[in-house]
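K.L.:
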Amino acid sequence: MKKANNIKSFRVIYTVIISIACILALLLVFLPAGCKKKPAAETEMATESTAAATTAVQTEATTAAQTESATESVEEVPEKITGLIKQADDYYAEGDIGLARSTYRKAEIAINNSKLSGGKKQELINSFYKRYEECKEIISAASMHYASAMQLIYETRYEQAKTELEAALALYPKYGEAQEAYENLKTLMGLK
């Protein structure tokens with residue numbers, strides 16, 4: 108009788124520990140990317156309004172930059188900044204979205220910390236801003252699919268988890284964690 112109670116207690120404790128670990132893992136994934144999955148229509152509308160607002164801001168900034176550059180001498184952009192932008196563009200072209208995003212971020216910080224004029228800073232940021240935002244959106248969406256897949260795996264809903272991981276990898280093919288989880292899931296499904 109005591110042995111049966113010990114086994115039940117062990118199972119309860121084990122289940123609680125596993126549940127807490129999964130919740131913490133999901134929090135780590137969701138916390139940086141946001142917790143709510145927006146409906147597709149809402150996301151499209153938000154993307155369109157963001158794109159329209161960005162275009163308006165870019166147009167204003169370009170006009171201001173052109174006016175300012177007409178009155179000032181040509182500023183020389185530091186090699187470090189142009190190097191970061193080129194490197195980020197290369198990562199973006201290769202499909203390495205994560206590295207592109209972090210390199211664009213470094214370029215933005217370097218530009219803002221430079222001694223360039225406000226117009227030149229805005230011009231440089233505008234030159235890559237659209238790609239930078241796209242990288243952030245792709246990573247956010249891929250992370251959401253990955254987190255959903257991890258929850259589905261925990262719930263042993265393997266087919267749905269596989270679909271979520273495939274969606275994450277379709278958005279961001281070089282997403283290392285999703286690649287590893289996908290391979291592990293295929294192995295796990297092969298055992299069942």
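For reference, each letter of the sequence shown is one residue, going 108 to 299 in my numbering. For every residue, glycine included, the Cβ atom is placed at its ideal position computed from N, Cα and C.
Based on Cα-Cα distance, which residue from Ile192, Gly283, Cys242 lies nearest to Ser234?
P.N.:
Among Ile192, Gly283, Cys242, the Cα nearest to that of Ser234 belongs to Ile192.
K.L.:
Pull up the CB-CB distance for Leu276 and Gln267, whole angstroms please, since I reckon it's below 8 Å.
P.N.:
Wrong, their Cβ atoms sit about 15 Å apart, outside the cutoff.
K.L.:
Measuring straight from C-alpha to C-alpha, what distance separates Glu186 and Leu223?
P.N.:
For Glu186 and Leu223, the distance between alpha carbons rounds to 13 Å.
K.L.:
Taking the beta carbon of Gly283 as the centre, do at least 16 other beta carbons fall within 10 Å, making it buried, or is it exposed?
P.N.:
Looking at its Cβ environment, which holds fewer than 16 other Cβ atoms inside 10 Å, Gly283 is exposed.
K.L.:
How many angstroms separate the CA atom of Arg212 from the CA atom of Ile127?
P.N.:
C-alpha separation (whole angstroms): 33 Å.
K.L.:
Could you give the residue range of the alpha helix (DSSP H) that holds Glu215?
P.N.:
Start and end: 204–220.
K.L.:
Taking C-beta to C-beta, are Ala256 and Leu278 nearer than 8 Å?
P.N.:
No, these two residues do not count as a Cβ contact at 8 Å.
K.L.:
On the CB-based measure, 16 or more other CB atoms within 10 Å of its CB, does Ile125 come out buried or exposed?
P.N.:
The residue is exposed, with fewer than 16 neighbouring Cβ atoms inside 10 Å.
K.L.:
Can you look up Arg264 in the DSSP assignment and give me helix, strand or coil?
P.N.:
The answer is coil: DSSP assigns Arg264 none of H, G, I, E or B.
K.L.:
Comparing C-alpha positions only, which one of Thr189, Glu182, Tyr289, Glu244 sits nearest to Leu259?
P.N.:
For Leu259, the nearest C-alpha among the options comes from Tyr289.
K.L.:
Could you check if Lys237 is buried or exposed, using at least 16 other CB atoms within 10 Å of its CB as the buried criterion?
P.N.:
Lys237 comes out exposed.
K.L.:
Closest to Lys281 by CA distance: which of Thr122, Ile130, Ile246, Lys228 is it?
P.N.:
The shortest C-alpha separation from Lys281 is found at Ile246.
K.L.:
Where Ile218 and Lys269 are concerned, what is the direct C-alpha to C-alpha distance, given to the nearest angstrom?
P.N.:
Taking the straight line joining both Cα atoms gives about 41 Å.
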